[in-house]
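Engineer:
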Amino acid sequence: MVVEERERGGRNPTGELTVFPVRCFTCGKVIGHYWEKYRDMIREDSPEKVLDSLGIERYCCRRMFLTHKEIMEEIID
Ligand SMILES: [Zn+2]
937 MVVEERERGG RNPTGELTVF PVRCFTCGKV IGHYWEKYRD MIREDSPEKV
987 LDSLGIERYC CRRMFLTHKE IMEEIID
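Following this line, the structure appears as structure tokens:
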């Protein structure tokens, strides 16, 4: 999954910038609209606390946020 993200260069097949998956790959929960909030909130709080307060309780969904953050940091570096 992580390798796919990298190979696509952060863009979907139509060339638009892929910001964040709309749904959790595992359970299908719609999580895309939480990403911007999450990204802002983790500047002041731990990712675990932010996910709790956003109501992201399943580990499959939490993983989507945590791994996406790591990918972003790698690109920035
Ligand atoms: Zn999930």
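Just so we're aligned, residue 937 is where the sequence shown starts under the working numbering, counting upward by one. For every residue, glycine included, the Cβ atom is placed at its ideal position computed from N, Cα and C. From a predicted model like this one, the values you see are computed outputs, not experimental measurements.
#1: So residue 989 is in the alpha helix (DSSP H); what residue range does that whole segment cover?
#2: Which word fits residue 998, buried or exposed, when buried means at least 16 other C-beta atoms lie within 10 angstroms of its C-beta?
#3: What does the alpha-carbon distance come out to for the pair residue 971 and residue 1000?
#4: Count the other C-beta atoms from every protein chain shown that fall within 10 angstroms of the C-beta of residue 960, then say buried if there are 16 or more, exposed otherwise.
#5: Using 8 angstroms for Cβ pairs, my map puts residue 990 next to residue 973. What's the rounded Cβ distance?
#6: So which residues touch the region around ligand 1, with touch meaning a C-beta under 6 angstroms from any heavy atom?
#7: Sorted by chain position, which residues of the same chain lie with C-beta nearer than 6 angstroms to residue 958's C-beta, five sequence neighbours on each side aside?
Structural biologist: Result, derived from the coordinates:
#1: 983-990
#2: buried
#3: Distance between the alpha carbons of residue 971 and residue 1000 is about 10 angstroms.
#4: buried
#5: 6 angstroms
#6: Cβ-based neighbours of ligand 1 within the cut-off: 960, 962, 963, 965, 994, 996 and 997.
#7: 968
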